[in-house]
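Protein sequences appear in the order of chains A and B. All residue numbers for the first sequence refer to our numbering, where the first residue is 1 and numbers rise by one. All residue numbers for the second sequence refer to our numbering, where the first residue is 1001 and numbers rise by one. No residue lacks a Cβ here, since even glycine has one placed at the ideal position from N, Cα and C.
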Amino acid sequence: MKYKKWSEADKIIEKFEPNIIGFLCNWCSYAGADLAGTSRIQYPPNLKVIRVMCSGRVNPIFVINALQQGADGVLIGGCHPGDCHYERGNYLARRRMAVLKKLLEYAGIDPNRVRMTWVSAAEGNKFAEVVKQVTEDIRELGPMQHFKRDNTW
Amino acid sequence: MVDEKKLQDAVKKTVSRDDVKYVVGYEKGTYGFQVTPSFAYDPKDADKFIFSPLCVYNLAVFPMLEEKPPLRKDQEPDTRKIGVVVKGCDARAIVQILQEKGLNREDVVIIGIPCTGVVDPKKLQAQFPENGKNMDIKTGKDNFIITIDEKTHTIAQDKLLDEKCKHCEYPTPILYDILIGDEIKATKKEDYKEIEDLEKKSMKEKWEYWEKQFERCIRCYACRNACPLCYCKECMVDQLSPQWVRRSVNLSENTAWNLLRAFHLAGRCIGCGQCERSCPMDIPLMQLNKKIEKEIKELFDYIAGIDPEEKPLLAMFKPDDPEEFIL
Chain A
1 MKYKKWSEAD KIIEKFEPNI IGFLCNWCSY AGADLAGTSR IQYPPNLKVI
51 RVMCSGRVNP IFVINALQQG ADGVLIGGCH PGDCHYERGN YLARRRMAVL
101 KKLLEYAGID PNRVRMTWVS AAEGNKFAEV VKQVTEDIRE LGPMQHFKRD
151 NTW
Chain B
1001 MVDEKKLQDA VKKTVSRDDV KYVVGYEKGT YGFQVTPSFA YDPKDADKFI
1051 FSPLCVYNLA VFPMLEEKPP LRKDQEPDTR KIGVVVKGCD ARAIVQILQE
1101 KGLNREDVVI IGIPCTGVVD PKKLQAQFPE NGKNMDIKTG KDNFIITIDE
1151 KTHTIAQDKL LDEKCKHCEY PTPILYDILI GDEIKATKKE DYKEIEDLEK
1201 KSMKEKWEYW EKQFERCIRC YACRNACPLC YCKECMVDQL SPQWVRRSVN
1251 LSENTAWNLL RAFHLAGRCI GCGQCERSCP MDIPLMQLNK KIEKEIKELF
1301 DYIAGIDPEE KPLLAMFKPD DPEEFIL
């Protein structure tokens, strides 16, 4: 089965709206996103949030599966180091993502498609800034054409 | 290289112990340069044990393949040990399994062999495609001496040596109960040259390279089954709910499988090369494993399979781990 080649992908970019999956930790980033919403801070609507109990819950399978199912990027949000509700979840996630990003880069998938951020429950502004930046970056990278699933039923 | 008589004696002594079930080693295959795993349940089985430069395969899988069926009401569990003949690299696999508590130290008897390097069967096959009965190979000073029907050939070691042996840093087993022969000092150093060459290419070139490799994958999972460290009771690709990687063979699922397989060995792969050797489609899986090995050495200063007491890489952390990629 052949997939769309790079040249075709380049043409699509013009009207391209990135589709970003956000895995946000229940205690900090999700609350940060909530604060951004209640404070009526504007940020791009491209982020689709999935709430997880801790950033340590985010298995690299989730990330690769999201990219397969048509996400153009993945954002993982956790508490600041030392603030994790479960004491060490975000540290473990940090290690995992560091390795995963290097692996993706080596396989030829831009590591900027997988981003990680620390957002606390009080940082609604920072959350909006991060989402803006990630959306811009992925808009520049274009749609994820590497290993998208062609049947998604 | 290694005195086979000494090896056989050690195996005989080990098998005759009451608390040892069997010993896994190598024996000569049916024809050609083949070498197959051999199981000694009896002291007399030990006579066919050999050790030659053909013994590339990693036998550390066998203790992990041991089935533990559910017991009847008053049945005693079989607590006998399993003996394994290991080279330097295979011993690291056992150390890594011990570190993860996949095995208990008292479940295995490790018969260590200091190894000066083994040949790559594929390279050997390409040079000597004969399939005779009387074929043998020995290690000379810096060459291999090959005997085919009483004709001898000598060939430089570099031409036949397996990739892993070219950069071997641990020729002597780190952990052993019995060591056959004398310890060997490591003289080689891992330089990751092949990895760095590929790293330098652009994103597009890298993806085109891997696309070509992953497209060929037939998802036989031979890499997983041969790997001594892939010992999960249920692999994530066999799971049906949730089914993370679908069973269809296409680029998307193949890429997901190969990347996740490599990731699941992050900080665990000890570089025996068994996955690549067993791959029927010749996908360079070791390039993925080596890349992760290189990165974790740089990022976390961690080497897999060295210390059985250390904690596994992804199960621990340091507060000052690198985080320049975090927004």
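Query, Result
"Any chain B beta carbon closer than 7 angstroms to Pro143/A", "no"
"Burial state of Gly1267/B (16 or more Cβ within 10 Å)", "buried"
"Partners in chain B for Met53/A, counting only beta-carbon separations shorter than 8 angstroms", "Going along chain B, no residue has its Cβ under 8 angstroms from Met53/A, so there is no contact; the nearest lies around 17 angstroms."
"Cβ-Cβ distance between Val1249/B and Ala1256/B below 7 angstroms", "no"
"Proximity below 7 angstroms, CB of Val1084/B to CB of Ala1040/B", "no"
"Ranges of the beta strand (DSSP E) found wholly within the segment 54-124 of chain A, counting only runs of at least 3", "73-78, 114-118"
"Presumed contact (8 angstroms Cβ cut-off) between Val63/A and Val119/A, rounded CB distance", "Val63/A to Val119/A, Cβ: 18 angstroms. No contact."
"Within-7 angstroms CB hit, Glu1295/B to chain A", "yes"
"Test item: CB-CB of Lys1081/B and Asp1107/B under 7 angstroms", "yes"
"Where Met144/A falls, given that 16 or more other Cβ within 10 Å makes a residue buried", "buried"
"Residues of the segment 84-102 of chain A whose Cβ lies closer than 8 angstroms to any Cβ of chain B, in chain order", "Arg88, Tyr91, Leu92, Arg94, Arg95, Arg96, Met97, Ala98, Val99, Leu100, Lys101, Lys102"
"Backbone CA spacing between Met1/A and Gln1213/B [nearest angstrom]", "Confidence at Met1/A is low in this model, with a pLDDT of 47, below 50, so its placement is unreliable and the value that follows should be read with caution. Straight-line Cα distance between these residues: approximately 15 angstroms."
"Simplified DSSP assignment, three categories, for Pro1121/B", "helix"
"Touching by the beta-carbon criterion (3+ pairs, under 8 angstroms), the segment 125-145 of chain A and the segment 34-43 of chain A", "yes"
"Supposed contact pair Asp1162/B and Pro1114/B - C-beta distance, whole angstroms, cut 8 angstroms", "Rounded, the Cβ-Cβ distance is 16 angstroms, inconsistent with contact."
"Pro1037/B, DSSP secondary structure in three states", "strand"
"Residue from Glu129/A, Asp110/A, Tyr106/A whose Cα sits closest to the Cα of Asp1197/B", "Tyr106/A"
"Reduced DSSP category for Lys1151/B - H, G, I as helix; E, B as strand; rest coil", "strand"
"Val1024/B beta carbon less than 7 angstroms from that of Pro1037/B", "yes"
"Separation of Pro18/A from Glu1324/B, as counted between CA atoms", "24 angstroms"
"Cβ-based contacts, 7 angstroms cut-off: residues of the segment 1246-1276 of chain B near chain A", "Asn1250, Leu1251, Ser1252, Thr1255, Ala1256, Leu1259, Leu1260, Ala1262, Phe1263, Ala1266"
"Per DSSP, the bridge partner or partners of Lys48/A", "Ile21/A"
"Given Cys1333/B as reference, the closest of Cys1272/B, Tyr1031/B, Lys1204/B, Ile1180/B once Cα atoms are compared", "With chain B represented from 1001 up to 1327, any question about residue 1333/B goes unanswered, as that position is not in the structure."
"Phe1338/B in three-state terms, based on DSSP", "This structure does not reach residue 1338/B, given that chain B is present from 1001 up to 1327, and the question cannot be answered."
"Alpha helix (DSSP H) segments (min. 4 residues) lying fully within the segment 1183-1267 of chain B", "1193-1199, 1203-1216, 1222-1226, 1251-1264"
"Where the segment 21-34 of chain A meets chain B: residues whose CB sits under 9 angstroms from a CB there", "none"
"Helix, strand or coil at Met1/A [DSSP, three-state]", "Residue confidence is low: Met1/A scores 47 on pLDDT, short of 50, so the model does not pin down where it sits. Its coordinate-derived value is still stated next. Met1/A falls in the coil class under three-state DSSP."
"Residue closest to Asp1312/B, alpha-carbon to alpha-carbon, out of Pro1284/B, Ile1326/B, Leu1265/B", "Residue identity check: residue 1312/B is Pro in the sequence provided, not Asp. The shortest Cα separation from Pro1312/B among Pro1284/B, Ile1326/B, Leu1265/B belongs to Leu1265/B."
"Leu67/A burial status per 10 Å Cβ neighbour count (16 or more: buried)", "buried"
"Residue from Thr1187/B, Leu1179/B, Val1061/B, Ile1097/B whose Cα sits closest to the Cα of His1167/B", "Thr1187/B"
"is_contact[Asn19/A, chain B] using C-beta, thresh 7 angstroms", "no"
"Ranges of the alpha helix (DSSP H) found wholly within the segment 1070-1103 of chain B, counting only runs of at least 4", "1088-1099"
"Neighbour list for Met1281/B in chain A, Cβ cutoff strictly below 9 angstroms", "In chain order: nothing, as chain A lies at least about 17 angstroms away."
"According to DSSP, residues forming a beta bridge with Glu1027/B", "Thr1036/B, Phe1049/B"
"Any chain A beta carbon closer than 7 angstroms to Phe1062/B", "no"
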